[in-house]
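What follows is a single structure, written as structure tokens, with notes after it.
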Amino acid sequence: MDRKIIHLDVDAFFAAVEVKDNPKLKGKPVIVGGGSDRGVVCTCSYEARKYGVHSAMPGFMAKQKCPHGIFLPVRHWRYQEVSREIFRIFYDLTTKVEPLSIDEAYIDVTDIDESPLKIAHFIKAQIMEKTGLTISVGISYNKFLAKLASDWNKPDGIKIITRNMLPHILKPLPVNKVHGIGKKTSERLRKIGIFTIEELLQLPKEYFIEFFGNHGNEIYDIIRGIDHRQVKSTRETKSIGRETTLKEDTTNREYLRKYLAEFAKNISTSLNKKGILAKTVTVKIKTSDFEIHTKGRTIHHHIASYDQIYNLASDILDEINLEPGIRLIGLTVSNLSYNESQQLSFFDSL
Ligand code: TTP
Ligand code: MG
Numbered sequence: 003m004d005r006k007i008i009h010l011d012v013d014a015f016f017a018a019v020e021v022k023d024n025p026k027l028k029g030k031p032v033i034v035g036g037g038s039d040r041g042v043v044c045t046c047s048y049e050a051r052k053y054g055v056h057s058a059m060p061g062f063m064a065k066q067k068c069p070h071g072i073f074l075p076v077r078h079w080r081y082q083e084v085s086r087e088i089f090r091i092f093y094d095l096t097t098k099v100e101p102l103s104i105d106e107a108y109i110d111v112t113d114i115d116e117s118p119l120k121i122a123h124f125i126k127a128q129i130m131e132k133t134g135l136t137i138s139v140g141i142s143y144n145k146f147l148a149k150l151a152s153d154w155n156k157p158d159g160i161k162i163i164t165r166n167m168l169p170h171i172l173k174p175l176p177v178n179k180v181h182g183i184g185k186k187t188s189e190r191l192r193k194i195g196i197f198t199i200e201e202l203l204q205l206p207k208e209y210f211i212e213f214f215g216n217h218g219n220e221i222y223d224i225i226r227g228i229d230h231r232q233v234k235s236t237r238e239t240k241s242i243g244r245e246t247t248l249k250e251d252t253t254n255r256e257y258l259r260k261y262l263a264e265f266a267k268n269i270s271t272s273l274n275k276k277g278i279l280a281k282t283v284t285v286k287i288k289t290s291d292f293e294i295h296t297k298g299r300t301i302h303h304h305i306a307s308y309d310q311i312y313n314l315a316s317d318i319l320d321e322i323n324l325e326p327g328i329r330l331i332g333l334t335v336s337n338l339s340y341n342e343s344q345q346l347s348f349f350d351s352l
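The structure is reproduced here in structure tokens:
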């Protein structure tokens, strides 16, 4: 049976919150951030977009393009507050929620005995009622197509992509709409005369591996509407870890500590993004003779910061015998919890 995946993305999020909080701004070109000479625009209302203003544009440029724009300071705490209300609406429906950013998520509603269109309308109505904001919704049978659909009729859009719409719905799209094809790759494709998915569809599979490397197979499938990626619910995550096989075996503790520092930084960012806290830190090693050892430590309180994770990992490393040599080092945190108020920190990291 096909899955029912919904992708949701609030329209002009920061700007929409500002307008909601100050209705006099309605219909005006509102620009959040970029007010100072050196700042950049976070986002702007659709009215301001008509003048060519967009996210990440330097403030001085936004002022040139839209001199009568209303520049407002960034009020992160307020956007976090609204975001939490929005995510609560998703979590009330299902635990299968994968947050992508402060205003964007996938939800998997396959198990809900209701049409995805009805669910989408319900979510839009709830968000309007509780926050006064509009959200664009895409519905399909996989993540790629659902995300493509949510962008289809922005703002306040709703769009379903069904199997029978393929491949014609994808053919005219520019290649940068494909998950995994960013700016640089689009540019490389442009140089060989490929602009659209239709043109990409004509290439043989071998060419994909050659051109896109590791992602070749994935991209070959995705442009044919095949995408098996699951909606990764953060609440079902049991552990988060990183590991690497070293170029050469080593007994150098300080060298290994550098890896732990990098992993700790990475893991901490990931925890904060997902609003997760951990109680257990585990260091894993594989020795030159391929034996795997893990050593963990569980503490009484929850942690998520780089310092806390790194210090524990570093202490654990001190207790590990590095002879005859280490060929792989890893760091994992587990015993996770999803504290509502900590969901906040996910947004702090933006
Ligand atoms: P987006 O969803 O990318 O943008 P948006 O919601 O403002 O507009 P739309 O979805 O209708 O196209 O990002 C969500 C928020 O994240 C955005 O309101 C502000 C913030 N943001 C930045 O601060 N800097 C950025 O470069 C981007 C892209 C977003
Ligand atoms: Mg948005």
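In the working numbering, the protein residues as written are 3 to 352. All residues carry an ideal CB built from backbone N, CA and C; glycine is no exception. If you're wondering where the values come from, they're calculated on a predicted model, not measured in any experiment.
- Within the stretch 170-239, the complete alpha helix (DSSP H) segments of 4 residues or longer fall at 185-193, 199-203, 207-214 and 218-224, listed in chain order.
- Taking 9 Å as the cut-off, the Cβ atoms of A58 and V43 count as close.
- Within a 10 Å sphere around the beta-carbon of N144 sit 16 or more other beta-carbons, which makes this residue buried.
- Within the chosen limit of 8 Å, the ligand TTP does not reach the beta carbon of C68 with any heavy atom.
- Taking 3 residues as the minimum length, the beta strand (DSSP E) runs contained wholly in the stretch 28-92 are 32-35, 43-46 and 72-74, in order along the chain.
- Look at E100 here: in three-state DSSP terms it is strand.
- Three or more beta-carbon pairs separated by less than 8 Å are not found between the stretch 220-227 and the stretch 272-281, which leaves the two stretches without contact.
- With fewer than 16 other beta carbons inside 10 angstroms of its own, Y209 counts as exposed.
- Looking at I88, P101, G61 and L175, the one whose alpha-carbon comes closest to that of G36 is G61.
- For V12, the enclosing beta strand (DSSP E) starts and ends at I7 to V12.
- Residue pairing of G332 in beta bridges, as defined by DSSP: E245 and K286.
- With the criterion CB distance below 5 Å from any heavy atom of the ligand MG, the matching residues run D11, V12, F15 and D105 along the chain.
- Between T198 and the set P176, D317, N216 and G182, the nearest pair of CA atoms involves P176.
- One thing to note: L314 has its Cβ within 9 Å of the Cβ of R299.
- DSSP places D110 inside the beta strand (DSSP E), whose first and last residues are E106 to D110.
- Distances from the CA of Y261 to each of A280, S241 and I287 were compared; the closest alpha carbon is that of I287.
- CA-CA distance, I328 to E245, rounds to 12 Å.
- Pairing T45 with V34, the inter-Cα distance amounts to about 6 Å.
- Between K132 and G218, the alpha-carbon positions lie close to 43 Å from each other.
- The criterion of a C-beta distance shorter than 9 Å is not satisfied by K149 and Y93.
- H303 counts as exposed, since fewer than 16 other C-beta atoms from the protein chains shown sit within 10 angstroms of its C-beta.
- Put simply, of G243, I228 and R51 the residue whose alpha carbon is nearest the alpha carbon of K156 is R51.
- Close CB contacts of H295 within its chain, under the 6 Å cut and outside five residues either way in sequence, are with I287 (chain order).
- For T133, the shortest C-beta to heavy atom distance toward the ligand TTP is 8 Å or greater.
- Counting only the Cα atoms, S138 lies some 19 Å from G29.
- Secondary structure note for R259: its alpha helix (DSSP H) is the uninterrupted segment R255 to K276.
- Between the ligand TTP and G215, a heavy atom-to-CB distance of less than 8 Å is absent.
- For T236, the CB stays at least 8 Å from every heavy atom of the ligand TTP.
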